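There are 2 protein chains.
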Amino acid sequence: MSTHVHIVGTGLIGTSLGIALSHNGFRVSLADPSPTAVRLARDLQAGEVADDETSAPDVVVVAAPPDVTARVVVDVLDRWPDAVVTDVASVKESVLRVVLDSGADASRYVGSHPMAGRERSGAAAARADLFDGRAWVIVPHEGSTDAAVRRVREVALAVGSAVRVMPAHEHDEAVAAVSHVPQLAASIVAACLRELPESAVGLAGQGLRDVTRIAASDPRLWTQILAGNAPAVRDVLRLVRDQVDDVVGALDALVDADGDGSLGTLSRVLEAGNLGHARIPGKHGAAPAAYEVVSVVVPDEAGALARLLTDVGEAGINLEDLHLEHGLGQAVGVAEISVVPASVEPLRAELARLGWRVHD
Amino acid sequence: MSTHVHIVGTGLIGTSLGIALSHNGFRVSLADPSPTAVRLARDLQAGEVADDETSAPDVVVVAAPPDVTARVVVDVLDRWPDAVVTDVASVKESVLRVVLDSGADASRYVGSHPMAGRERSGAAAARADLFDGRAWVIVPHEGSTDAAVRRVREVALAVGSAVRVMPAHEHDEAVAAVSHVPQLAASIVAACLRELPESAVGLAGQGLRDVTRIAASDPRLWTQILAGNAPAVRDVLRLVRDQVDDVVGALDALVDADGDGSLGTLSRVLEAGNLGHARIPGKHGAAPAAYEVVSVVVPDEAGALARLLTDVGEAGINLEDLHLEHGLGQAVGVAEISVVPASVEPLRAELARLGWRVHD
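Respectively, the protein sequence lines represent chains B and G. Residue numbers for the first sequence follow the UniProt record's numbering, so the first one is 1 and each next one is one higher. Residue numbers for the second sequence follow the UniProt record's numbering, so the first one is 1 and each next one is one higher.
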């Protein structure tokens, strides 16, 4: 018999999860304080609307707003004494503390956090592939059973997530740096645009768009998230403040004094950014590896790239990554072939021998 | 007879400009202190390598690093007494000042700034469509002739840019907010990732990737840009610091005191971010015509990617860009094929028919 998952809260995360689980053979029932929201989720094929006839679920996923999550978790632990309960809130320590203090049977509670979201909210923004390839953090605690952890893992794996297991406090410190402070930075940079003349915002380019994309996020939701993770966010934000102070000081010295050492300060901040950026894993969860790039000029003719890749393969060299730069209307492009360092010279030699134009 | 544009500096901007102008019927000659760089630009069809025989140009575009731009502008004004000279540096007031103070014939100098760039540098990253649909700011000064402004405008329009005309100081204040401070924010957020445990950076999602994408930018180049625009960058960065201080204060109050008013402070910063973000013009008319991406699962076997590209070519569809995501130790990778929107459905259908696993 298929696992029955009951989802409380049919916003972006709850509805996306319902769609993905239904699609993968789970039985899904849905609840939300808003009858409109739950019907929209049902129409999007996220599952059936739960009513008094609905049987007891195997797993309950609480996908409610962060500031009511803990209370709802306690309620459902009491209501279904055999169900495993998880939640998807972005902050884990504070939820866990309320549940442990509540007197409810916390052995069946295992918090979790799918690292998936969009700058849009609500069921209408739901996507079946929202969790595909994303991390889903599971935070067991001392009192949770292995069986409960397994149930939550089953749900996360079913929707294509990569499961990570860590303690709640470790999770909260991590998301302060990789999610909560970046949100604040995007909001603050965007806030500086409010008073600009129209001609100035007209100069916005892709860099600004990327930096500020998540500044469009829901302020109510994010106020709850930031407040719920205040200690960890504050620690990282103090690091940000120290660096901003350093840069303001360096710029002051350039404007008002002789600027001695200022370029060094600016350069150090930018280089630290390079180093931090290099630690971010690739899109599909791969750790960045130390590949080297061989650039090859590729004519814009049918089959040229396929021919190049065939030549690479026949040279017995394993292509690790490939990026094609191909401008509109350009007669040639550049194929950037990533290989392990030991393969760089053999590949360059072989491709040059075959008549390809190879560059550093 | 076609206009002869001489480009000094064959990095990303100079090479991209050479390719785009050559393609549009301009005669382009190229110079760079590095013989390797100028030959790569020539191989990418950016123009001919200039030598002693090369005739005097109609327009000179100085695409040198920011800290030598002013000096090179003065040199070429003296060298070619009939040429109009422009530069593409990201900061305009400081270049103008040096040129005016130099005693060179500044009436033929009109500074400009194509708002196009990438987080990568060098000729190998050049693209013919780099300027397409992007703003190209032209900054006339009191002594520049209308004829000189027209020449620079001709170059900008030829490569598809949207010309904006404004005084140098207005340009510098605008880019401090829409480009220079966002760069610092991205670098500083990324810098906070340096000391994180591996398990923490493993939780990075698309939000962090977007906020920090430009943190991969060249520190040498950006040190020069920030130093060159120190007064304007400092003014905006002080606004950033005030907001960071407000948020740190609110988080302090939540952690150490009763948190009265803290949620209001957090919410105001996030809402200000919403408002600022809403002012950023849409991609239309600003960024290059967006391609759409078709993602195809590629087995990690010799020749699989070559086979896929052969199939794309035989489907008669023009591949505009290609990125291969290839996770370490993963049995499959994902090829992200960029095509014009009209080709998305035909390509998906044809690849699915041939047995490829195609995703949104």
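The beta carbon of each residue, even a glycine, is placed where N, CA and C say it ideally should be. A quick note: this is a predicted structure, and the numbers were derived from the prediction, not measured.
Backbone secondary structure at residue i - three-state DSSP
| i | result |
| --- | --- |
| W136(B) | strand |
| R220(B) | helix |
| I7(G) | strand |
| S16(B) | helix |
| P66(B) | helix |
| Q330(G) | Below a pLDDT of 50, predicted positions are generally treated as unreliable, and Q330(G), at 41, falls in that range; the measurement from the model is reported next regardless. Coil. |
| A83(B) | coil |
| R353(B) | helix |
| H180(G) | helix |
| P167(G) | coil |
| E292(G) | strand |
| I280(G) | coil |
| I59(B) | It should be noted that the sequence gives Val, not Ile, for residue 59(B). In the structure shown, V59(B) sits in a strand (DSSP, three-state: E or B). |
| E91(G) | Note on identity: in this sequence residue 91(G) is Val, with Glu being the wrong assignment. Three-state DSSP puts V91(G) in coil, outside helix and strand. |
| A31(G) | strand |
| H23(G) | helix |
| M1(G) | coil |
| S144(B) | coil |
| V269(G) | helix |
| A162(B) | strand |
Candidates the options: closest to residue i by CA position
| i | options | result |
| --- | --- | --- |
| A126(G) | P81(G), H141(G), G11(G) | G11(G) |
| E350(G) | A46(G), L309(G), D51(G) | L309(G) |
| T15(B) | M1(B), T36(B), L226(B) | T36(B) |
| V155(G) | V88(G), G143(G), L184(G), A185(G) | V88(G) |
| G111(G) | E345(G), V296(G), H180(G), E93(G) | E93(G) |
| I7(G) | V62(G), D245(G), V73(G), A20(G) | V62(G) |
| L214(B) | L77(B), A186(B), E320(B) | One detail in the question is off: residue 214(B) reads as Ile in this sequence, not Leu. Of the candidates L77(B), A186(B), E320(B), the one whose C-alpha sits nearest the C-alpha of I214(B) is A186(B). |
| L77(B) | A104(B), T69(B), A56(B) | A104(B) |
| V296(G) | L322(G), H277(G), S34(G), G9(G) | L322(G) |
| V182(B) | A230(G), Q206(G), D172(G), E198(G) | Going by the sequence as given, residue 182(B) is Pro instead of Val. Residue Q206(G) is the option with its Cα nearest to P182(B). |
| A168(B) | L96(B), D246(B), E345(B) | L96(B) |
| A130(B) | I13(B), E345(B), G9(B), G303(B) | According to the sequence shown, residue 130(B) is Leu rather than Ala. Of the listed residues, the one whose Cα sits closest to L130(B) is I13(B). |
| L354(B) | V312(B), Q243(B), A123(B) | V312(B) |
| A56(B) | D67(B), G228(B), R150(B), V28(B) | V28(B) |
| A230(G) | G249(B), P81(B), R39(B) | G249(B) |
Assumed close pair residue i, residue j - CB separation to whole angstroms, cut-off 8 Å
| i | j | result |
| --- | --- | --- |
| V5(G) | D43(G) | In fact, because the Cβ distance is near 19 Å, the residues do not count as touching under 8 Å. |
| L30(B) | E53(B) | About 14 Å; that fails the 8 Å criterion. |
| V255(B) | R234(G) | 6 Å |
| L266(B) | A177(G) | Going by Cβ atoms, the distance from L266(B) to A177(G) rounds to 18 Å, so no, they are not a contact pair. |
| V298(B) | V358(B) | Rounded, the Cβ-Cβ distance is 11 Å, inconsistent with contact. |
| S22(B) | A41(B) | Their Cβ separation, rounded to whole angstroms, is 10 Å, which puts S22(B) and A41(B) out of contact at 8 Å. |
| N24(B) | A116(B) | Not quite, the Cβ-Cβ distance comes to about 16 Å (not below 8 Å), so this is no contact. |
| V60(G) | V99(G) | Not really, about 13 Å apart at Cβ, beyond 8 Å. |
| residue 409(B) | A174(G) | Since the first and last residues shown for chain B are 1 and 360, residue 409(B) lies out of range. |
| G172(G) | A232(G) | Looking at the sequence itself, residue 172(G) is Asp, so the reference to Gly does not match. That pair is a contact at about 5 Å. |
Interface partners of residue i on chain B, CB under 8 Å
| i | result |
| --- | --- |
| G18(G) | None at all; the shortest Cβ gap to chain B is about 11 Å. |
| P281(G) | V201, G202, A204 |
| E173(G) | A200 |
| G133(G) | Correct list: empty, because the minimum Cβ distance to chain B is about 10 Å. |
| T137(G) | Note that residue 137(G) is Val in the sequence shown, not Thr. Here the neighbours are L203. |
Under 7 Å by beta carbon: chain B residues contacting residue i
| i | result |
| --- | --- |
| residue 429(G) | Here chain G comprises residues numbered 1 to 360, so residue 429(G) is not present and cannot be evaluated. |
| H4(G) | Ordered by position in chain B, no residue passes the 7 Å Cβ test against H4(G), which lies about 21 Å from the chain. |
| T223(G) | L263, L266, S267, L270 |
| P219(G) | S267, L270, E271, N274 |
| H277(G) | A190, T212, A215, A216 |
| V248(G) | R234, L237, R238, R241 |
| A185(G) | A185, V189, V211 |
| L226(G) | L266 |
Residues that residue i contacts on chain G, provided the C-beta gap is smaller than 8 Å
| i | result |
| --- | --- |
| S29(B) | Neighbours of S29(B) on chain G: none; closest Cβ ~27 Å, over 8 Å. |
| P182(B) | V189, G207, L208, V211, T212 |
| V297(B) | D43, L44 |
Listed by chain order, chain B residues near residue i by CB distance under 9 Å
| i | result |
| --- | --- |
| D101(G) | Chain B residues near D101(G): none, gap ~19 Å exceeds 9 Å. |
| P231(G) | L251, L254, V255 |
| M115(G) | L203, A204, G205 |
| L196(G) | E173, A174, A177, V178, G276, R279 |
Chain G residues whose Cβ lies nearer than 7 Å to that of residue i
| i | result |
| --- | --- |
| V244(B) | I188, L237, V240, R241, V244 |
| A89(B) | Residues of chain G passing the Cβ test: none, with the nearest at roughly 15 Å. |
Legend entry - the region 117 to 135 of chain G in contact with the region 164 to 182 of chain B per 3-pair CB rule at 8 Å: no
Legend entry - Cβ pair count under 8 Å reaching 3, the region 180 to 200 of chain B against the region 238 to 254 of chain G: yes
Inset, instruction - Count the CB pairs spanning the region 269 to 281 of chain B and the region 211 to 227 of chain G that are closer than 8 Å, and state whether there are at least three. - result: yes
Inset, instruction - Indicate whether the contact test is met: 3 or more Cβ pairs, each with one atom in the region 69 to 86 of chain B and one in the region 96 to 112 of chain B, closer than 8 Å. - result: yes
Legend entry - Contact between the region 342 to 358 of chain B and the region 314 to 325 of chain B (3+ Cβ pairs under 8 Å): yes
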